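>
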Amino acid sequence: MSLLEAGGLALEIAQRSGNTWFGRASHLFILRHIDFRIDVGECVGIVGESGSGKTSLVRTLVRLLEPSQGKLIFDGRDITHLEQQELRPLRAQLQCVFQDSLSCFNPRHRIGRILTQPLLAHGRFEGATQSLEQAAILLDRVRLPRTYLDRYPHELSGGERQRVGIARALVLDPKLIVADEVLSGLDATTRTQICELLREIKMQTALVLVSHDLAAVQALCDRVYVMYKGEIAESGRTEKIFRMPLHSHTRSLLDAVPSPLVDSAWLLGDPMTQAK
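Just remember that my numbering sits 238 ahead of the position in the sequence shown, which is counted from 1.
1) With H, G and I counted as helix, E and B as strand and the rest as coil, what does DSSP make of K292?
2) Can you tell me whether K478 is buried or exposed, with buried defined as 16 or more other CB within 10 angstroms of its CB?
3) Report the option in E371, A405, I415 and L421 whose CA atom is closest to the CA atom of C281.
4) Secondary structure at Q331, three-state DSSP: helix, strand or coil?
5) Roughly how many angstroms lie between the CA atoms of A244 and G474, to the nearest whole one?
6) Under the three-state reduction of DSSP, which class applies to S486: helix, strand or coil?
7) Alpha carbon to alpha carbon, what distance is there between G361 and A373?
8) Can you confirm whether the stretch 381-401 touches the stretch 296-315 when touching is taken to mean that 3 or more C-beta pairs between the two stretches lie within less than 8 Å?
9) Measuring straight from C-alpha to C-alpha, what distance separates T488 and A417?
10) Near D277, which residues of its chain fall below 8 Å by C-beta distance, leaving aside the five closest residues on each side in sequence?
11) Reducing DSSP to helix, strand and coil, say where G246 ends up.
12) Using 8 Å as the threshold, is the stretch 337-351 in touch with the stretch 294-308, meaning 3 or more CB pairs across them?
13) Does the count of Cβ pairs from the stretch 400-408 and the stretch 349-366 closer than 8 Å reach three?
14) Roughly how many angstroms lie between the CA atoms of A252 and T385, to the nearest whole one?
15) Helix, strand or coil for I251 per DSSP?
16) Based on DSSP bridge pairs, tell me the residues matched to V462.
17) Please tell me whether E371 and S306 are closer than 7 Å, where the distance is taken between their beta carbons.
18) Beta-carbon separation of L266 and G468 under 7 Å?
19) Taking the continuous beta strand (DSSP E) assigned at G308, which residues delimit it?
20) Assign R406 to one of three DSSP states: helix, strand, or coil.
21) D338 lies in the alpha helix (DSSP H); which residues open and close that run?
22) Using a threshold of 7 Å, state whether the C-beta atoms of D460 and L421 are closer than that.
23) Buried or exposed for G286, please, with buried defined as at least 16 other CB atoms from any protein chain shown within 10 angstroms of its CB.
24) Between I284, G283 and E304, which has its C-alpha nearest L247's C-alpha?
25) Considering only residues of the same chain and omitting the five flanking positions on each side of L382, which have a CB-CB separation below 8 Å?
26) Of the choices E438, L492, E434 and Q442, whose alpha-carbon is the least far from that of V462?
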C-alpha cells in the first residue's frame, strides 16, 4: 500500500539574472519527470552525486517546496498544491531530519523545550510535565541521558545533536520520516550508532534515506532511486541495483567507493582467507 506517491513531478525556479528589466523571467527546471513511491513500512534510499537534486526532491515530497508540475499523494490525499494552513495538520505525519543539526535548532532553547514544542503545538499534551516525560522517553529511545533535556544544542556533539533531531522527528509518531544526509560528517563509530538507530526506526515507520553513504543505503534500504541531473536515472530493489546497475551513472557511483560487502569466508573464520 502506497503511503507517498509522486507522478510526473517537476520543480522549477525563476531565473532573474541575465533578463531585461521588462522581459519575462526564464525558468530553470530543478526536477523533471519524477515518479516516486514509498509504501507503508518501507525504507527507500535516494542517492546521487552532489547537485543531482536529492535534497530538492525530498523537500518537494514533504511539501516544503511546491511542485511546478505533476501530482503528489500522501496517505490517499492529494497534497500537491495545498496551502500551508491546510498542510499544517499533516506536518505531524511528515517529519524530516536534516544534515546540519546545529542550524535546525533554536540555540536559545534547551533540548527539553525543543522536544516538547511539537507535542504542545499539536495538542498531544496539555501540561509541561507530561510532555517533558515523553521527551525523556524519546531521549532513552535514541540512547541519550535524560539530563540532556537541560542542555543547549551547542553543548552537544554533532552525533548527539543528530540523535536529538531524530528524537524530535519521532515525537509526534509520524507515518513517514525523511532523513537527509544524517550520516555526513560523523566519525565511524557515531555513524554506525546512527545507522543502528535508523534500522530500529524503519521497523516502525516508513523512512526515506538520502545519503552519499552507499554502504548504509545498501544495509538499510529496501529500494533505491538514483538521481542524475534532476531526474530519476534508475530505480529498483536495492540488491538488484547494487548487483546489476543498468545506468552508466549508477555504475560510476558504485565504482567510486569501496565495496561495502565483506567476504563471507572471512566472516566464517576461514584461516586461509584471513591469512591473505
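Idealized CB from N, CA, C, for every residue including glycine.
As the structure is a prediction and not an experimental result, all values here were calculated from the model.
Reading it off the structure:
1) Of the three classes helix, strand and coil, the one that applies to K292 here is helix, per DSSP.
2) With fewer than 16 other Cβ atoms inside 10 Å of its own Cβ, K478 counts as exposed.
3) With distances taken between Cα atoms, C281 lies closest to I415.
4) DSSP places Q331 within a helical segment (H, G or I) once states are collapsed to three.
5) Spanning the two alpha carbons is a distance of roughly 16 Å.
6) Helix at S486.
7) When rounded, the distance between both Cα atoms is 15 Å.
8) With the cut-off at 8 Å, the stretch 296-315 and the stretch 381-401 do not touch.
9) Cα-Cα distance, rounded: 21 Å.
10) For D277, where only same-chain residues beyond five positions count, the Cβ hits under 8 Å are M239, S240, L241 and A444.
11) The answer is strand: DSSP assigns G246 an E or B state.
12) Below 8 Å, too few C-beta pairs join the stretch 337-351 and the stretch 294-308 to call them touching: fewer than three.
13) With a cut-off of 8 Å, the stretch 349-366 and the stretch 400-408 count as touching, because enough Cβ pairs lie within range.
14) Answer to the nearest angstrom: the Cα atoms are 47 Å apart.
15) The three-state secondary structure of I251, taken from DSSP, is strand.
16) Answer is G283 and G474.
17) Contact: no.
18) Contact: no.
19) Its beta strand (DSSP E) spans residues Q307 to F312.
20) The answer is helix: DSSP assigns R406 an H, G or I state.
21) From DSSP, D338 is part of no alpha helix (DSSP H); its letter is neither H nor E.
22) A distance of 7 Å or more separates the beta carbons of D460 and L421.
23) The residue in question, G286, is buried, as its Cβ has 16 or more Cβ neighbours within 10 Å.
24) By alpha-carbon distance to L247, the top candidate from I284, G283 and E304 is E304.
25) So the list reads E398, R401, V402 and A405, once near-sequence residues are dropped.
26) Out of E438, L492, E434 and Q442, L492 has the C-alpha closest to the C-alpha of V462.
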